[in-house]
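Undergrad: 1 is the number of the first residue of the sequence shown in full-length UniProt numbering; add one for each residue after it. Note that the Cβ used here is the ideal one computed from N, Cα and C, for glycine as well.
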Amino acid sequence: MSNVYTVSQVNNYIKNMFTQDFMLNRIAVQGEVSNCKYHSSGHLYFSLKDGGGAIACVMFAGQRKGLAFSMKNGDRVVVNGSVSVYERDGRYQLYAREIRLEGEGALYEQFLALKRQLEEMGMFAPEYKRPIPAYIRRLGVVTAPTGAAIQDIRNIAGRRNPYVQVILYPALVQGEGAASSIVRGIEALDELGVDVIIVGRGGGSMEDLWAFNEEPVARAIFQCRTPVISAVGHETDVTIADFAADLRAPTPSAAAELAVFDIREFQDKLDTIGARLQTQMSGRISRARQMAEGYRRTLGYLSPENQIREKRMYLMTAEEKLSRQMELLLQKKRHALQLYIERMKGLSPLEKLNQGFAYVEKDGRAVKETGQVKEQDLLTVHVSDGRIWARVEKTEKGGNSDGKREDKCGGGLRTAG
Numbered sequence: 001m002s003n004v005y006t007v008s009q010v011n012n013y014i015k016n017m018f019t020q021d022f023m024l025n026r027i028a029v030q031g032e033v034s035n036c037k038y039h040s041s042g043h044l045y046f047s048l049k050d051g052g053g054a055i056a057c058v059m060f061a062g063q064r065k066g067l068a069f070s071m072k073n074g075d076r077v078v079v080n081g082s083v084s085v086y087e088r089d090g091r092y093q094l095y096a097r098e099i100r101l102e103g104e105g106a107l108y109e110q111f112l113a114l115k116r117q118l119e120e121m122g123m124f125a126p127e128y129k130r131p132i133p134a135y136i137r138r139l140g141v142v143t144a145p146t147g148a149a150i151q152d153i154r155n156i157a158g159r160r161n162p163y164v165q166v167i168l169y170p171a172l173v174q175g176e177g178a179a180s181s182i183v184r185g186i187e188a189l190d191e192l193g194v195d196v197i198i199v200g201r202g203g204g205s206m207e208d209l210w211a212f213n214e215e216p217v218a219r220a221i222f223q224c225r226t227p228v229i230s231a232v233g234h235e236t237d238v239t240i241a242d243f244a245a246d247l248r249a250p251t252p253s254a255a256a257e258l259a260v261f262d263i264r265e266f267q268d269k270l271d272t273i274g275a276r277l278q279t280q281m282s283g284r285i286s287r288a289r290q291m292a293e294g295y296r297r298t299l300g301y302l303s304p305e306n307q308i309r310e311k312r313m314y315l316m317t318a319e320e321k322l323s324r325q326m327e328l329l330l331q332k333k334r335h336a337l338q339l340y341i342e343r344m345k346g347l348s349p350l351e352k353l354n355q356g357f358a359y360v361e362k363d364g365r366a367v368k369e370t371g372q373v374k375e376q377d378l379l380t381v382h383v384s385d386g387r388i389w390a391r392v393e394k395t396e397k398g399g400n401s402d403g404k405r406e407d408k409c410g411g412g413l414r415t416a417g
């Protein structure tokens, strides 16, 4: 009985056969692109077909540097790569390492070789790129004098800023001697001292644009002291001059917009700055006026005349306050004095005498008790209108039985009823 194999074993065996085939590992296939899909992972899936068949192709994301253009369905291309088997599905496909448009293979290989060489020399390094001046007065252009590129540049430059001078160096941009003509134009404008140089032309095939892929043109751009903008072909066209220039523009029209500032935007910016300056100056003047007014009020308050006036007002107020306080104090003192007077009247001997009391003395001493006198003693009795001398007939302690008492001796003499 014959051997029985699994599907995986068969697919692996066939893959090994493809791997061992030298021609299938280094093969170039030409055909028309169909079913072209750019996957989100970066891989590119497509098919190559001709009148007799088709083959599935894939270019992994890591190999995409071998694709220098945006491939689409219908393109005639030459794919370099290897043919192998995808074991899971049991189908073979072409694994692409490099894709170029058909008919431009040799030129494209020269392009890639020169690009690698100049890049290794550092001519494309970012640190050598010069900034494009924001505001220029003279614009140099190296291009054909009869092409659409110079007309587009002049129209856009004149619309954006009619004060910018456009200086054209009429150069050959295609065919024999084009590269040397472009180099002479770059060197002449660099010596003239323009602010920016635009080097470019309109679109065309790779053969038409080849002068801008020449090494002398790249070196002239790299060695130019003036900032250079490359504007060759359409947006999808890429040349060596684009990598060597300080700035790449997708078209000559875009190069003019990048090089020449729009005077209307500049005027709008000036208007905005002027309005901002006016606002700031108005604010500063207003604040200065407020400060000056504050200083004026402060100086007015601190002036000798105002200080004298303030002190006078203070003295007048203090005088009025002192007068009111003195008047209140005098009133209080008068009231207290009146109270003292009334109280003194109550304690005054004269008042007692006026009320019918008498003051009795014996030998200059007040008689307060009956024991201080005896019969026939001479007493002096003081009454309200004078003195009375009396002699003691007798003394008696206590009051009379009929409710009337007569003090005949003591500190005073009073008849009470």
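Tell me, which residues are paired with residue 389 by DSSP?
TA: 380.
Undergrad: Short check: CB of residue 256 to CB of residue 186, under 7 Å?
TA: It is not a contact, given that the beta carbons lie outside the stated cut-off.
Undergrad: In angstroms with no decimal places, state the Cα-to-Cα distance between residue 131 and residue 38.
TA: Cα to Cα, residue 131 sits roughly 35 Å from residue 38.
Undergrad: On the DSSP bridge list, what partners appear for residue 32?
TA: According to DSSP, which records beta bridges pairwise, residue 32 is partnered with 49 and 76.
Undergrad: Report the CB separation of residue 45 from residue 58 in whole angstroms; it is logged as a contact under 8 Å.
TA: Sure, about 5 Å apart at Cβ, within 8 Å.
Undergrad: Just verifying my parser: in three-state terms, what is the DSSP assignment at residue 40?
TA: Coil at residue 40, not helix or strand.
Undergrad: Closest to residue 84 by C-alpha separation, out of 140, 17 and 74, would be which residue?
TA: Per the Cα distances, 17.
Undergrad: Where does residue 54 sit, in a helix, a strand or coil, going by DSSP?
TA: Reduced to three states, the DSSP call for residue 54 is strand.
Undergrad: Between the C-alpha atoms of residue 316 and residue 308, what's the straight-line distance to the nearest angstrom?
TA: If I take the Cα positions, the gap works out to 12 Å.
Undergrad: Locate the beta strand (DSSP E) running through residue 180, then write down its first and last residues.
TA: Note, residue 180: premise wrong, no beta strand (DSSP E); alpha helix (DSSP H) at 178-192.
Undergrad: DSSP three-state label for residue 123, please.
TA: Here residue 123 sits in coil by DSSP.
Undergrad: Under a three-way DSSP split, which group does residue 71 fall into?
TA: Three-state result, residue 71: coil.
Undergrad: Hey, does residue 156 have any beta-carbon neighbour from chain C nearer than 7 Å?
TA: Protein chain content of the structure displayed is limited to a single chain, and chain C is not contained in it.
Undergrad: Any idea if residue 414 is buried or exposed, counting beta-carbon neighbours within 10 angstroms, 16 or more meaning buried?
TA: Its pLDDT being 41, under 50, residue 414 is placed unreliably in this model, and the coordinates cannot settle the point.
Undergrad: Do the CB positions of residue 225 and residue 190 come within less than 7 Å of each other?
TA: In contact: residue 225 and residue 190 (Cβ atoms closer than 7 Å).
Undergrad: If we ignore side chains and look at the alpha-carbon of each, how far apart do residue 390 and residue 348 end up?
TA: If I take the Cα positions, the gap works out to 24 Å.
Undergrad: Which ranges does the beta strand (DSSP E) cover as unbroken runs of at least 3 residues, wholly within the stretch 257-281, from first to last along the chain?
TA: Listed in chain order, nothing qualifies, since the stretch 257-281 has no complete beta strand (DSSP E) run of 3 or more residues.
Undergrad: Quick one: give me the first and last residue of the alpha helix (DSSP H) that residue 216 is part of.
TA: Residue 216 -> alpha helix (DSSP H) spans 215-223.
Undergrad: May I ask you to report which of helix, strand or coil DSSP gives residue 319?
TA: Looking at residue 319 - three-state DSSP - the assignment turns out to be helix.
Undergrad: Straight-line CA distance for residue 55 to residue 108?
TA: The alpha-carbon atoms of residue 55 and residue 108 are separated by roughly 24 Å.
Undergrad: Could you tell me which whole beta strand (DSSP E) segments of length 3 or greater appear in the stretch 83-155?
TA: For the stretch 83-155, whole beta strand (DSSP E) runs of length 3 or above, ordered along the chain, are 91-101 and 138-143.
Undergrad: Please go through the same chain and pick out, in chain order, the residues whose beta-carbon is closer than 6 Å to the beta-carbon of residue 75, but skip the five residues on each side of it.
TA: Excluding positions up to five away in sequence, the list reads 33.
Undergrad: Quick check: residue 199 and residue 228, are their CB atoms within less than 7 Å of each other?
TA: The answer is yes: Cβ separation under 7 Å.
Undergrad: State the start and end residues of the unbroken alpha helix (DSSP H) segment that holds residue 241.
TA: Residues 240-244.
Undergrad: Expressed to the nearest angstrom, what Euclidean distance is found between the alpha-carbon atoms of residue 276 and residue 287?
TA: Their backbone Cα atoms lie some 16 Å apart in a straight line.
Undergrad: When DSSP builds the beta bridges, which residues end up paired with residue 170?
TA: 143, per the DSSP bridge assignment.
Undergrad: Spatial neighbours of residue 412 within its chain, please: C-beta separation below 6 Å, excluding the five flanking residues on both sides.
TA: Confidence at residue 412 is low in this model, with a pLDDT of 43, below 50, so the placement of that residue is unreliable and no value is reported for it.
Undergrad: Using the Cβ count rule (16 or more neighbours within 10 Å means buried), how would you classify residue 410?
TA: Low confidence applies to residue 410: its pLDDT is 40, below 50, so where it sits in the model is not reliable, and the reading given next is rough at best. Classification of residue 410: buried, given that the 10 Å Cβ count is 16 or more.
Undergrad: Is residue 176 buried or exposed, if buried means 16 or more other CB atoms sit within 10 Å of its CB?
TA: With fewer than 16 other Cβ atoms within 10 Å, it is exposed.
Undergrad: Which residue comes first and which comes last in the alpha helix (DSSP H) that contains residue 230?
TA: Segment 228-232 is the beta strand (DSSP E) holding residue 230; no alpha helix (DSSP H) there.
Undergrad: Kindly confirm or deny that the stretch 153-173 and the stretch 286-304 touch, where touching means at least three C-beta pairs closer than 8 Å.
TA: Taking 8 Å as the limit for Cβ pairs, the verdict is that the stretch 286-304 does not touch the stretch 153-173.
Undergrad: I believe residue 232 touches residue 184 by the beta-carbon criterion, under 8 Å. Please report the beta-carbon distance rounded to the nearest angstrom.
TA: Not quite, the Cβ-Cβ distance comes to about 18 Å (not below 8 Å), so this is no contact.
Undergrad: So the candidates are 173, 53, 96 and 260; which of them puts its Cα closest to the Cα of residue 156?
TA: The shortest Cα separation from residue 156 among 173, 53, 96 and 260 belongs to 260.
Undergrad: Provide the residue span of the beta strand (DSSP E) that contains residue 359, from first to last.
TA: Counting along the chain, the beta strand (DSSP E) containing residue 359 begins and ends at 359-362.
Undergrad: I'd like to know if the stretch 292-301 and the stretch 235-243 are in contact, where contact means that at least 3 CB-CB pairs between them fall below 8 Å.
TA: No, the stretch 292-301 does not touch the stretch 235-243.
Undergrad: Is the distance from the Cβ of residue 99 to the Cβ of residue 48 below 7 Å?
TA: Against a cut-off of 7 Å, the Cβ pair of residue 48 and residue 99 comes out as no contact.
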